[in-house]
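Here our numbering = 1-based position in the sequence shown + 10.
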Amino acid sequence: MLFPSHPAEALQHCCDLSQLWFREFFLELTMGRRIQFPIEMSMPWILTDHILETKEPSMMEYVLYPLDLYNDSGYYALTKFKKQFLYDEIEAEVNLCFDQFVYKLADQIFAYYKAMSGSVLLDKRFRAECKNYGVIIPYPPSNRYETLLKQRHVQLLGRSIDLNRLITQRISAAMYKSLDQAISRFESEDLTSIVELEWLMDINRLTHRLLSKHMTLDSFDAMFREANHNVSAPYGRITLHVFWELNFDFLPNYCYNGSTNRFVRTAIPFTQEPQRDKPANVQPYYLYGSKPLNIAYSHIYSSYRNFVGPPHFKTICRLLGYQGIAVVMEELLKIVKSLLQGTILQYVKTLIEVMPKICRLPRHEYGSPGILEFFHHQLKDIIEYAELKTDVFQSLREVGNAILFCLLIEQALVSPSSSSPLSLLSFPLLCSVLPSFSHPFLLH
């Protein structure tokens with residue numbers, strides 16, 4: 011058996027894969043029509059991109075190996091060809107390829123953990139029911155991203171690169187965008203979508219918890235406050251939109267059903283549909299994690315769209331918190347005060363003028379039909395008042411909806427699932443403040 015006289019050189023020569031990068035011969039064949047090839051024609055990037063696109067778990071932890079070809083090419087350019095311009099060309103391609111590599115890898119990691127969170131939180135009964143009908147909602151296949159997230163000293167062209175830090179920067183930006191998209195989606199819909207907003211926040215919270223095991227991220231509360239524009243402001247985007255929907259849609263266009271303890275939209279709207287901004291189209295992993303999960307959660311959410319009830323009020327309490335609820339209550343009191351002292355007061359004055367001066371109770375011998383007809387005749391002018399149903403009753407509806415909203419918020423606060431000192435607020439406060447809005451005409 012023969013042994014090489016210079017083992018180190020022989021080993022270096024055997025391991026040298028730099029020729030997989032050099033393409034000068036093919037550039038000459040183009041006769042000057044191309045001065046360089048795109049990275050899509052670079053062998054190191056082709057191999058790296060193939061692993062990223064196929065997402066093969068067994069190959070993912072070796073995704074950095076093809077990039078080592080650039081080290082061989084750089085070494086060969088400096089030691090064999092001794093050409094600085096050739097090394098500069100390699101370095102420029104490495105910068106571009108590595109940026110693309112970090113971009114794709116970070117998006118894949120974020121999408122993987124987001125889909126994992128959405129799958130874990132998906133209702134098990136819904137998943138089982140879908141399976142009974144032959145619809146399988148798969149969990150994301152396991153992958154080996156943990157190995158890549160441990161890489162803090164990747165050697166590339168003489169540089170030591172902290173891959174974990176670069177991925178953390180992009181995933182942090184993706185997390186902020188995901189939270190912002192969830193709030194923007196809520197701002198583009200009515201009050202019923204508050205339930206969907208909480209689901210999205212829960213999925214983002216679990217995603218943040220899973221990612222925090224492998225990288226250093228800002229706290230979820232800090233990210234949420236920044237996305238909600240609530241870092242220095244007393245209230246954020248969610249609180250503002252809740253009040254906006256209450257004022258322009260909920261109070262005038264919903265009616266309360268006491269038997270179901272729910273508000274439902276009236277068949278005939280009394281105000282124009284509020285103008286809402288449409289959310290931007292984003293990748294599925296910015297919502298629930300994947301297209302199948304988006305469809306599944308949309309089906310579940312559809313059962314909460316046609317009413318506003320206890321689930322929505324409990325969600326409002328959890329998302330708005332003490333400060334947000336206080337702001338909404340304060341603004342509702344201003345609306346009620348404005349209606350009582352403004353619109354309703356003026357109509358009450360007008361109705362009092364047409365009320366009969368004397369209206370005694372008829373004898374019981376007339377029976378119920380007779381007594382009803384008597385009062386119908388006495389109050390004929392009021393019944394025929396043109397603006398009674400359109401303006402007076404509508405204003406009373408808005409006042410009643412505001413009072414019921416405060417009552418149901420209080421019930422949500424004192425329920426076992428929403429223990430909070432907020433119960434000191436709401437309905438008792440409203441009842442104590444309403445008498446101060448009274449007017450002599452309203453007391454008669």
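Ideal Cβ placement from N, Cα and C applies to all residues, glycine included. Here the structure is a predicted model, which means the values were calculated and not measured.
Which residues DSSP lists as bridging residue i, in chain order
{"i": "Phe273", "result": "Tyr266 and Val318"}
{"i": "Gln388", "result": "Gln388 is not bridged to any residue."}
{"i": "Val164", "result": "Ile171"}
Inter-residue spacing [alpha-carbon to alpha-carbon] between residue i and residue j
{"i": "Phe91", "j": "Tyr97", "result": "10 Å"}
{"i": "Arg373", "j": "Leu382", "result": "12 Å"}
{"i": "Leu398", "j": "Cys369", "result": "21 Å"}
{"i": "His239", "j": "Phe230", "result": "14 Å"}
{"i": "Met53", "j": "Leu159", "result": "24 Å"}
{"i": "Gly144", "j": "Tyr314", "result": "25 Å"}
{"i": "His386", "j": "Asp133", "result": "55 Å"}
{"i": "Arg135", "j": "Cys107", "result": "45 Å"}
{"i": "Leu414", "j": "Ser222", "result": "42 Å"}
{"i": "Ser425", "j": "Thr276", "result": "28 Å"}
{"i": "Ala125", "j": "Val112", "result": "20 Å"}
{"i": "Trp55", "j": "Thr217", "result": "30 Å"}
{"i": "Val364", "j": "Phe258", "result": "32 Å"}
{"i": "Leu330", "j": "Arg219", "result": "22 Å"}
{"i": "Pro379", "j": "Leu389", "result": "15 Å"}
{"i": "Pro153", "j": "Asp200", "result": "Going by the sequence as given, residue 153 is Asn instead of Pro. Approximately 39 Å between the Cα atoms of the pair."}
{"i": "Gln282", "j": "Glu408", "result": "15 Å"}
{"i": "Asn267", "j": "His322", "result": "15 Å"}
{"i": "Glu101", "j": "Gly84", "result": "8 Å"}
{"i": "Arg328", "j": "Ala336", "result": "13 Å"}
{"i": "Phe172", "j": "Arg180", "result": "Per the sequence shown, residue 172 should be read as Asp rather than Phe. Cα to Cα, Asp172 sits roughly 13 Å from Arg180."}
{"i": "Lys141", "j": "Ile147", "result": "8 Å"}
{"i": "Tyr264", "j": "Thr353", "result": "19 Å"}
For residue i, the three-state DSSP class (helix, strand or coil)
{"i": "Ile278", "result": "coil"}
{"i": "Arg137", "result": "helix"}
{"i": "Val241", "result": "coil"}
{"i": "Met211", "result": "helix"}
{"i": "Met339", "result": "helix"}
{"i": "His309", "result": "helix"}
{"i": "Met233", "result": "helix"}
{"i": "Gly144", "result": "coil"}
{"i": "Phe323", "result": "helix"}
{"i": "Ala396", "result": "coil"}
{"i": "Asn304", "result": "helix"}
{"i": "Gln333", "result": "helix"}
{"i": "Ile345", "result": "helix"}
{"i": "Tyr298", "result": "coil"}
{"i": "Leu227", "result": "coil"}
{"i": "Val205", "result": "helix"}
{"i": "Pro289", "result": "coil"}
{"i": "Tyr5", "result": "Residue 5 falls outside the range modelled here, since the chain spans only 11 to 454, and no answer is possible."}
{"i": "Leu371", "result": "coil"}
{"i": "Asp200", "result": "coil"}
{"i": "Pro284", "result": "coil"}
{"i": "Ser222", "result": "coil"}
{"i": "Pro379", "result": "helix"}
Residue i - containing alpha helix (DSSP H), residue span
{"i": "Thr249", "result": "Arg247 to Glu255"}
{"i": "Phe358", "result": "Position check: residue 358 holds Val in this sequence, whereas Phe was assumed. Element bounds for Val358: Leu355 to Val364."}
{"i": "Val130", "result": "Gln94 to Leu131"}
{"i": "Gly410", "result": "Phe403 to Val424"}
{"i": "Glu156", "result": "Tyr155 to Leu159"}
C-beta neighbour in chain D for residue i, strict 8 Å
{"i": "Gly168", "result": "The structure shown contains no chain D, having only a single protein chain."}
Continuous alpha helix (DSSP H) assignments of at least 4 residues falling wholly in the stretch 47–90: 53–64, 67–70 and 78–86, all fully within the stretch 47–90.
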